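Visitor: Each residue of the sequence shown is one higher than the one before, starting from 1442 at the first, in my numbering.
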Amino acid sequence: MTHKETPLLDAIVRIDRLPATGRAIKVAPDAATREALAALLKLTAVETFHAELTVVPLRGGLRAQGRLRARIVQPSVVTFESVTQEVDEPIDRVFLPEAQSHKPTPGSEVFVDLDDEDFPDHIDGPEVDLSPLLIETLALGIDPYPRLPGESLDALGVLPDETDTGPFAGLKKLKPGPEKA
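1) Let me know if L1581 comes out buried or exposed under the rule of 16 or more other beta-carbons within 10 Å of its beta-carbon.
2) Between which two residues does the beta strand (DSSP E) containing G1507 stretch?
3) Please report the residue range of the alpha helix (DSSP H) in which T1616 lies.
4) Who are T1390's beta bridge partners in DSSP?
5) Give me, in chain order, the residues of the same chain whose beta-carbon lies closer than 7 Å to that of F1549; leave out the 5 immediate sequence neighbours on both sides.
6) Between which two residues does the beta strand (DSSP E) harbouring E1527 extend?
7) Counting C-beta neighbours from all protein chains within 10 Å, is the total for T1525 16 or more, i.e. buried, or is it exposed?
8) Using 8 Å for Cβ pairs, my map puts F1536 next to G1502. What's the rounded Cβ distance?
9) Using the three-state DSSP reduction, which class does R1458 fall into: helix, strand or coil?
10) Can you tell which of T1606, V1519, P1567 has the C-alpha that lies nearest to the C-alpha of G1591?
11) Alpha helix (DSSP H) containing E1577: first to last residue?
12) For L1459, which of S1572, I1576, Q1515, A1505 has the nearest alpha-carbon?
13) Can you give me the C-alpha to C-alpha distance between I1513 and D1584, rounded to a whole angstrom?
14) Can you have a look at T1578 and say buried or exposed, based on whether 16 or more other CB atoms are within 10 angstroms of its CB?
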């Protein structure tokens, strides 16, 4: 017997129970869930997290559109002081059942149009868990190099060393320069 992992966020949609006009979903996790989300994304804190989605049926699957807003805290890459960031990201993703008749055989060629829209996510069964989509959207909206306003390495007095100490520094000395040629 397999045990399904409990999703971090409550955002499961049943395709077979989705009205033709769609359904609005609001996700606002409690403090314990935001703390677990911060630990998962290696952040200091997730202070707020609100996602509003409109989910509509589409070709046997569904389309989720909406917006995610969050306020996160993470350490600065310069001074390690806490930096607060507002994340405001649009969401637009399509989930479709995998077509069995168009499944490529091993060794066959597959045409991929790189200029096309994003590929749809494939689903198995009547449920779609939108938690990974929300977590991914938040993760992609995070500034990878957060800094407080006015922070820089120059302000700390850390200047790059002009002497070359890399692995090729010794070889560079052996190379004839313009004055030796």
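Think of the CB as a built atom: it goes at the ideal place given N, C-alpha and C, for glycine as much as any other residue.
The model shown is predicted, which means the values in this text are computed figures rather than measured ones.
Guide: The structure says:
1) exposed
2) 1502 to 1516
3) Residue identity differs from the one stated: residue 1616 is Lys in this sequence, not Thr. Segment: none, K1616 is in no alpha helix (DSSP H) and carries neither H nor E.
4) Outside the displayed range of the chain (1442 to 1622) lies residue 1390, so it cannot be described from this structure.
5) What sits at residue 1549 in the sequence shown is Ser, not Phe. If we look at S1549 and ignore the five residues flanking it on each side, it has no Cβ neighbours.
6) 1523 to 1538
7) exposed
8) 5 Å
9) helix
10) V1519
11) 1572 to 1582
12) A1505
13) 10 Å
14) buried
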